[in-house]
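Here the structure comes first, spelled out in structure tokens, and everything after it is commentary.
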Amino acid sequence: MKRDVTKESKKTGSKENRKPRKVDPMKFIEKCARRIEKCTKWIEEFANDYVVYIERGDLKHDIGYLEGALADYNAALAICPDDISGLNNRGTVRSDMGDLQGAIADYEKAIVIDPNYREPYHNLAIAYRDSGNVQEAIIEFSKAIEIDPFYADAWFGRAEAKSTLGNATGAVEDYNIAICIDSEYAKAWYFRGLEKYMLDDDQGAIDDFDQALEIDPTLTEIYYNRGLAKDSAHDYDGAIDDFTNAIMINPKYALAYLQRGDVRFEIFDYEGSLADNLKAIELDPGLNEAYVLIGILKCEMDDYRGSFDAFSHVITINPQYARAWFLRGIMQLDLGYNDAGLEDVNKAASLGSKDARTFLNEL
């Protein structure tokens, strides 16, 4: 069974990550502040210059001052209500602020004014996607592609939407085109790798992750997902190295500890696995899977009381966790506690455990 990958992407597709530019954040903010000051002085003299309001709004948006950006776009649109750049950019700010309906309204108005402007279609698709209307998002991404077949962000966005609907093959096809258009599109390589992993193409996934990291080493989430692919490909040392890298980047990465502990269990490093799972629980007490693995480890290490307590903890927290019932039952049966063991296995079967049903059928 494939483990769940983790995926992060920006909501504003016009700002998708490609090859990173090495920019000092403080210098960038200072540069934007100087330009904002110049725009302000210009507006003081030419109050009806809506283009400068839009420019200042863009600068404020770039440094994360969303309320200020929105105010400037509103001012620009009060002067020129049909400016498509103002509508499109205000829609992006509204989307970033969580006002998806307001964003959709701005994008739709921009499209009515200029049906051949690709950006509003793309951003409208993202707003639909973020509001849960993925099918409509695919339609709008497709419209953007029809206007500009070389619009890599639109191919990327449509691939993401197809992935959300479970169409991994269709997603890979769209990521392929995005990469053909822009071979430096790090997130397209990365996300295509995720889809290949889910399609059981572990080596293909690893190759894509490698390429994404070469383009953009800041995509640190890749180390975790490449670790999953390497584990699936039975490259246990490589998987441990990747999970370790993920932990070095983020020492509070509970899932990375959990997965490294799982790999260490696979290579019979029980002490290392136990330490990792205990750390995972310390960071995230809700990781029931870590308690289950601790239960298995304790049993392998002949600490049956510790094993029983770990499985019981999971059952107390989540009585619907069939695997914990099943494993506790098997452990008790192995120790000769037949009645209690069968009771747990039957409980697991009633909760839908296929392993428990198979076990009972073979008795």
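Residue numbering for the sequence shown is -16 to 346, as defined by this note's numbering.
Built from N, CA and C at the ideal position, the CB exists for glycine as well.
Uninterrupted alpha helix (DSSP H) stretches inside the segment 213 to 299 (no shorter than 4 residues) | 219 to 232, 237 to 249, 253 to 266 and 271 to 283
What span of residues does the alpha helix (DSSP H) with Ala135 cover, start to end?
-> Ala135 to Thr147
Backbone CA spacing between Ala216 and Thr227 [nearest angstrom] | 18 angstroms
Close Cβ partners of Asp267 (< 6 angstroms) along its chain, the five nearest in sequence each way excluded = Ala237
Would you say Tyr33 and Asp65 are within 8 angstroms of each other, going by their C-beta atoms?
-> no
Limits of the unbroken alpha helix (DSSP H) element including Val15 | In the sequence as displayed, the identity of residue 15 is Cys instead of Val. First-last of the alpha helix (DSSP H) with Cys15: Pro8 to Glu28.
Where the alpha helix (DSSP H) through Leu346 begins and ends = That residue, Leu346, is in no alpha helix (DSSP H); it is neither H nor E in DSSP.
Starting from the Cα of Asp79, find the closest Cα among Lys43, Ala239 and Gly153 and give me that residue.
-> Lys43
Considering only residues of the same chain and omitting the five flanking positions on each side of Gly140, which have a CB-CB separation below 7 angstroms?
-> Gly(-4), His105, Ala108, Ile109 and Phe124
Quick one: grab the DSSP three-state call for Gly210.
-> helix
If you check the beta carbons only, do Ala59 and Tyr90 fall under 8 angstroms apart?
-> no
At what residue ranges does the segment 14 to 100 contain a whole run of the beta strand (DSSP E), taking only runs of 3 or more?
-> none
What did DSSP end up calling Asp183 once you bin it into helix, strand or coil?
-> coil
Kindly indicate which three-state DSSP category Leu334 falls into: helix, strand or coil?
-> coil
Rounded separation between Asp190 and Thr203 - CA only | 16 angstroms
For Val297, I'd like the list of residues in its chain whose CB is within less than 8 angstroms of its CB, leaving aside the five on either flank, ordered along the chain.
-> Asn271, Tyr274, Val275, Gly278, Tyr304 and Ala307
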